[in-house]
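Numbering (my numbering), first residue to last: 7 to 141.
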């Protein structure tokens, strides 16, 4: 067999290898890209000096982080519903334990859904229950 007889096979092999590589990369998108909150926009939930969270419902765009601030004189452990599993919106669980005067953000909330939250240490207290709606 001559040298030139092997060239078509190598060319076909190269084209096939490139095609497989490009196809495995997808080329499509996994969905709409989430945009972070506009600069200067901070979405907040504040536990007031009276121990009540406000607002009780907050609507945010996908890609948002929500800042929880504890202005109460006792600690709170802010977690996702339902109690005691806390598994509906794990991004909220990143807030966790807040000492008096402390602030902490949720994770990046990218899934469009309604996320209930509560104080794990006082889960029956309606004043510390609320909802973040991602839409």
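Just so you know, even glycine gets a beta-carbon here, dropped at the ideal spot from N, CA and C.
Source: prediction; values computed, not measured.
Per DSSP, cross-strand counterpart(s) of residue i
i, result
"residue 73", "50 and 111"
"residue 64", "138"
"residue 125", "84"
"residue 59", "53"
"residue 119", "140"
"residue 102", "84"
Exposed unless 16 or more other CB atoms sit within 10 angstroms - verdict on residue i
i, result
"residue 130", "exposed"
"residue 109", "exposed"
"residue 59", "buried"
"residue 118", "exposed"
"residue 112", "buried"
"residue 85", "buried"
"residue 48", "exposed"
"residue 143", "Since the first and last residues shown for the chain are 7 and 141, residue 143 lies out of range."
"residue 97", "buried"
"residue 61", "exposed"
Beta-carbon proximity list for residue i, same chain, < 6 Å, skipping 5 on both sides
i, result
"residue 79", "106"
"residue 135", "124"
"residue 75", "52 and 109"
Cut-off 8 Å between Cβ atoms - residues of its own chain near residue i, not counting five sequence neighbours on either side
i, result
"residue 83", "102, 103, 104, 125, 126 and 127"
"residue 89", "124, 126 and 129"
"residue 77", "52, 53, 54, 55, 106 and 107"
Residues near residue i by beta carbon distance below 7 Å, same chain, minus five either side
i, result
"residue 133", "57, 58 and 59"
"residue 120", "137 and 139"
8 Å Cβ cutoff met for residue i and residue j
i, j, result
"residue 116", "residue 68", "yes"
"residue 122", "residue 87", "yes"
"residue 137", "residue 63", "yes"
"residue 72", "residue 66", "yes"
Beta carbon proximity, residue i to chain B, threshold 8 Å
i, result
"residue 80", "As a matter of chain content, chain B is missing from the structure shown, which is built from one protein chain."
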